[in-house]
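For the protein sequence lines, the chains are L and E, in the order given.
Be aware that the first sequence starts at 1, since it is given in the numbering used here, and climbs by one per residue.
Be aware that the second sequence starts at 1001, since it is given in the numbering used here, and climbs by one per residue.
There are 2 protein chains.
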Amino acid sequence: MLRIITQQADVIAELQRICDRTHDDQVLHKEATVREVLQAVKRQGNKAVLHYTAEFDNQTLKPEELRVTGSELDTAYQQVSQELLAAIRLACQQIEAFHRKRVPKSWVEFGDDDVVLGKRYNPVDCAGLYVPSGRSGYPSTVLMNAIPAKVAGVPRLVMVTPPGAGKAISPAVLVAAQEVGIQEIYRVGGAQAIAALAYGTETIPKVNVIAGPGNIYVTLAKKLVYGTVGIDCLAGPSEVLIIADETANPVHVATDMLAPAEHDPMAAAILLTTDAALAKNVQVAVERQLVDHPRRIDTEKAIAHYGLIVIVESLDAAAELANEFAPEHLELEIQDPWELLPKIRHAGAIFLGDSTPEAIGHYLAGPNHTLPTSGAARYASGLGVETFMKHSNIIQYSQSALQKVAGAIDILATAEGFPSHADSVRRRIQREE
Amino acid sequence: MLRIITQQADVIAELQRICDRTHDDQVLHKEATVREVLQAVKRQGNKAVLHYTAEFDNQTLKPEELRVTGSELDTAYQQVSQELLAAIRLACQQIEAFHRKRVPKSWVEFGDDDVVLGKRYNPVDCAGLYVPSGRSGYPSTVLMNAIPAKVAGVPRLVMVTPPGAGKAISPAVLVAAQEVGIQEIYRVGGAQAIAALAYGTETIPKVNVIAGPGNIYVTLAKKLVYGTVGIDCLAGPSEVLIIADETANPVHVATDMLAPAEHDPMAAAILLTTDAALAKNVQVAVERQLVDHPRRIDTEKAIAHYGLIVIVESLDAAAELANEFAPEHLELEIQDPWELLPKIRHAGAIFLGDSTPEAIGHYLAGPNHTLPTSGAARYASGLGVETFMKHSNIIQYSQSALQKVAGAIDILATAEGFPSHADSVRRRIQREE
Chain L
1 MLRIITQQAD VIAELQRICD RTHDDQVLHK EATVREVLQA VKRQGNKAVL
51 HYTAEFDNQT LKPEELRVTG SELDTAYQQV SQELLAAIRL ACQQIEAFHR
101 KRVPKSWVEF GDDDVVLGKR YNPVDCAGLY VPSGRSGYPS TVLMNAIPAK
151 VAGVPRLVMV TPPGAGKAIS PAVLVAAQEV GIQEIYRVGG AQAIAALAYG
201 TETIPKVNVI AGPGNIYVTL AKKLVYGTVG IDCLAGPSEV LIIADETANP
251 VHVATDMLAP AEHDPMAAAI LLTTDAALAK NVQVAVERQL VDHPRRIDTE
301 KAIAHYGLIV IVESLDAAAE LANEFAPEHL ELEIQDPWEL LPKIRHAGAI
351 FLGDSTPEAI GHYLAGPNHT LPTSGAARYA SGLGVETFMK HSNIIQYSQS
401 ALQKVAGAID ILATAEGFPS HADSVRRRIQ REE
Chain E
1001 MLRIITQQAD VIAELQRICD RTHDDQVLHK EATVREVLQA VKRQGNKAVL
1051 HYTAEFDNQT LKPEELRVTG SELDTAYQQV SQELLAAIRL ACQQIEAFHR
1101 KRVPKSWVEF GDDDVVLGKR YNPVDCAGLY VPSGRSGYPS TVLMNAIPAK
1151 VAGVPRLVMV TPPGAGKAIS PAVLVAAQEV GIQEIYRVGG AQAIAALAYG
1201 TETIPKVNVI AGPGNIYVTL AKKLVYGTVG IDCLAGPSEV LIIADETANP
1251 VHVATDMLAP AEHDPMAAAI LLTTDAALAK NVQVAVERQL VDHPRRIDTE
1301 KAIAHYGLIV IVESLDAAAE LANEFAPEHL ELEIQDPWEL LPKIRHAGAI
1351 FLGDSTPEAI GHYLAGPNHT LPTSGAARYA SGLGVETFMK HSNIIQYSQS
1401 ALQKVAGAID ILATAEGFPS HADSVRRRIQ REE
């Protein structure tokens, strides 16, 4: 049963517990396993990759079976329906259109005395895209990973995804990959996939950035390899926080709470509402919708452990609690969502009004669905074109411009005890040889 | 003696060794120490902070001495010269002017059927700024950390810096902090400072993002707390890579190679030149400049271990090697630096021409001096306003817009096995209660 508490109760502590669910001791235990997998793949390459694939995914592969073949790629198109292909193409189009807006562009500006300052943006050379496995694969995640990389101009895209029964990869995933121009796909998942992308193996190339959401093992592995490679963000188990008033539809709110929960037993679903009647109705609706839910066990587990309804005193109080939690997904199911919006500081994505369920953002509204979880929205953004780009500062001074600031640099460098810094300017000014 | 090798020799392996100097086994050993410090501070707060300050910085503090007092802040202004204050103010002005350019701005766009999409940018609530200690403190690092945070609009800035002899903090650092509006300063450095900012203690607040360069312990600590908080980038021991042709001045090149080296015995200095005579002259000039160098021992150590001159066949070959190395600082000391620039893909900052020594960027050209090192420029940018901001995706659909994409979402959600995702749209379209 989805719990209802009031703001007077220990709300902060409860929200903190749910937010920190991926930081607890059980997770630290998993970190040891992940560390072992990383070390093994770093040292033994393919051998370790295949070992853990057998152990965790129950699939015994030969090294030459790691890469998905051209004929598998071709066959995939015959295995998906025309309707699914059309839906994938619609999603592609909308996601690409959104990601093409406000792409960082190189610039230089010319100042006095021929000073030139600017930034040059470049894509990374090679990106690794992680696509988790699912009952039927997640083509949407392929698009959300690959399209920003493609828009960024990354020349080489490498995809990894765990093999299912019979070593197979979902045809929908293979079709989605080809729709965005990815041909290089390896059947490997979990921490061993992240390790392979970070360190490289005999078969799988070392990449510069690893992007994509995953379960707790994948998320821990990404955190640990950060520094060897770049990563998008720590996109762990999904979460939704809904702020609702008396105008909200309890059946819609309940469905939206079950949506992240059906992803993962560690997912979180929180409702903050000013309306006690709505709270009760959502509680009942969640129970009712769980009865026949095809993923009932996992979904119920998430709702039981990390589900919560809080009756709040005001929408402002709800906004403040939402900022504390910094949810991956925030839904504003209230009369005037635009009025509350300026009070929201921390959230991965914000969905306004009853006609905007989180699912629309998950599949095809355009913005990315790989978003910071577990409070990371306090400091991080979701996956985007910027994930695959970085800039170099550009500086050019002229002799006369250097002359004008030489005194100040000399004073600062001398104060900091850096004689060669001071000399590097002094010698140029004095034209010393 | 600074070694000279030719491109035919094992250049790739040598550059790799230098680039990876912070990833070797000795560093892994330090990681164990850092992990212990982090755990202790997380569990014991101030007690552990004070313990490690006594152990590593030789300063025995009481908890109430951690925070720099108002009277220390006041006194600092009387302890710095008017010239230094003027230089700090000039640097402030130029750094702020640069960082105010192209600051990310929130946007929304209105599409067909009343669809609204956009991004909202917000600063983090609280930023922690690390300023390493030095013989006389590093006021420049205060400015480079704090100004982007201030431009981003971060409401609370907390600075940490290790106490020197007599528990003192450099007056220049305290003045620079006040010039950019920082009043909250704690005398703590090293991994214990990073831990305090990441987890919070009885005295030091938990922040959302930690920025600033540091030695290998600080850099390792930042890497390990990433995920609990955000970080700017892994800005470890400094490095310069200079591409020079026969027009370069060997004395200037030599001085610019000593500049990072005088920072840290783990700093790196590399020259790639097409001109064998220049190589020899730089080698001699480095030797000569080292003779009376006030930081000779550390500087010589860096040059001996991580200094290198490579004679290359062409400037294009040099650009390709530079991309492989992805240096923190890249100087183009060649006839036409703008011609080679488009071939440079990976570098933290690029300095063009003989009148642009790295020192000018270090102090006051405007762009940030906290930049990715050890190859991180392959995927990361330097510290900037973006370090302290993040965005939320904004989505609002109308009932009629939802209706048009409902079929596609239903197909995708069903293909991925997510019934509640499908239901969340279906129930809204059918106006089901």
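C-beta atoms are modelled at their ideal positions from N, C-alpha and C, and glycine is treated no differently.
Note that the coordinates shown come from a computational prediction; the quantities given were computed from them, not determined experimentally.
Would you grab the beta carbon distance between residue i and residue j for me? Rounded to a whole angstrom, and I think it's under 8 Å.
i, j, result
"MET1144 (chain E)", "ASN1368 (chain E)", "5 Å"
"LEU1402 (chain E)", "TYR363 (chain L)", "With a Cβ gap of about 12 Å, LEU1402 (chain E) and TYR363 (chain L) do not count as contacting."
"LEU1066 (chain E)", "VAL1188 (chain E)", "6 Å"
"ALA1302 (chain E)", "ALA1347 (chain E)", "Not a contact, Cβ separation roughly 20 Å."
"ILE88 (chain L)", "ALA176 (chain L)", "5 Å"
"ILE1309 (chain E)", "VAL1291 (chain E)", "With 8 Å as the limit, ILE1309 (chain E) and VAL1291 (chain E) do not qualify as a contact, their Cβ atoms being about 19 Å apart."
"ALA193 (chain L)", "TYR138 (chain L)", "Wrong, their Cβ atoms sit about 14 Å apart, outside the cutoff."
"HIS252 (chain L)", "ASP354 (chain L)", "6 Å"
"ILE5 (chain L)", "VAL11 (chain L)", "6 Å"
Please say whether residue j and residue i have beta carbons closer to each other than 8 Å?
i, j, result
"PRO171 (chain L)", "GLN79 (chain L)", "yes"
"ARG1345 (chain E)", "ASN122 (chain L)", "yes"
"SER424 (chain L)", "ASP113 (chain L)", "no"
"VAL1434 (chain E)", "ILE1210 (chain E)", "Nothing in the structure corresponds to residue 1434 (chain E), since chain E is present only between 1001 and 1433."
"ALA48 (chain L)", "VAL41 (chain L)", "yes"
"LEU272 (chain L)", "ALA221 (chain L)", "no"
"GLY236 (chain L)", "PRO132 (chain L)", "no"
"ILE270 (chain L)", "GLU333 (chain L)", "no"
For residue i, I'd like the list of residues in its chain whose CB is within less than 8 Å of its CB, leaving aside the five on either flank, ordered along the chain.
i, result
"ILE394 (chain L)", "VAL108, VAL116, LEU117, GLY118, LYS119, ARG120"
"GLY1375 (chain E)", "CYS1019, ASP1020, PHE1325, ALA1326"
"TRP1338 (chain E)", "LEU1352"
"VAL1286 (chain E)", "LEU1002, ALA1254, MET1257, LEU1258, ILE1303, GLY1307"
"ASP1410 (chain E)", "ALA1422, VAL1425, ARG1426"
"LYS223 (chain L)", "ILE231, LEU234"
"THR1414 (chain E)", "ALA1422"
"GLU72 (chain L)", "ILE169, LEU174"
"GLN335 (chain L)", "ASP245, THR247"
Taking DSSP as the reference, what is the three-state secondary structure of residue i?
i, result
"GLN1008 (chain E)", "coil"
"LEU220 (chain L)", "helix"
"ARG89 (chain L)", "helix"
"TRP1107 (chain E)", "strand"
"SER512 (chain L)", "Residue 512 (chain L) is absent from the model: chain L starts at 1 and stops at 433."
"CYS1126 (chain E)", "strand"
"ARG1120 (chain E)", "strand"
"GLU1331 (chain E)", "strand"
"ARG156 (chain L)", "strand"
"ILE360 (chain L)", "helix"
"GLY1166 (chain E)", "helix"
"LEU1371 (chain E)", "coil"
"ILE242 (chain L)", "strand"
"GLU31 (chain L)", "helix"
"VAL1425 (chain E)", "helix"
"PHE56 (chain L)", "helix"
Note down, in chain order, each residue of its chain lying with its Cβ closer than 7 Å to the Cβ of residue i, except the 5 sequence neighbours on either side.
i, result
"GLU1358 (chain E)", "VAL1240, ASP1256, ALA1259, HIS1329, GLU1331, PHE1351"
"ALA380 (chain L)", "CYS233, PRO372"
"GLY1361 (chain E)", "ALA1349, PHE1351, PRO1367, HIS1369"
"ARG1156 (chain E)", "ASP1125, CYS1126"
"VAL103 (chain L)", "VAL151, VAL385"
"LEU1278 (chain E)", "ALA1244, GLU1246, ALA1248, PRO1250"
"LEU38 (chain L)", "ALA191, ALA195, ALA221, LEU224, VAL225"
"PHE388 (chain L)", "PRO123, VAL124, ALA127, PRO148, ALA149, ALA152, VAL154, VAL209"
Quick one: is residue i buried, meaning 16 or more other Cβ sit within 10 Å of its Cβ, or exposed?
i, result
"GLY1166 (chain E)", "exposed"
"GLY1128 (chain E)", "buried"
"MET159 (chain L)", "buried"
"TYR1077 (chain E)", "exposed"
"VAL1405 (chain E)", "buried"
"GLN1289 (chain E)", "buried"
"ALA267 (chain L)", "buried"
"SER314 (chain L)", "exposed"
So, for residue i: in the same chain, excluding its five sequence neighbours on each side, which residues have a beta-carbon less than 6 Å away from its beta-carbon?
i, result
"GLU1204 (chain E)", "Residue identity check: residue 1204 (chain E) is Ile in the sequence provided, not Glu. Once the five neighbours on either side are set aside, the close Cβ partners of ILE1204 (chain E) are TYR1186, ALA1196."
"THR1069 (chain E)", "none"
Shorter than 7 Å, the distance from the beta carbon of residue i to the closest heavy atom of the ligand ATP, or not?
i, result
"THR247 (chain L)", "No copy of the ligand ATP occurs in the structure displayed, which carries no ligand at all."
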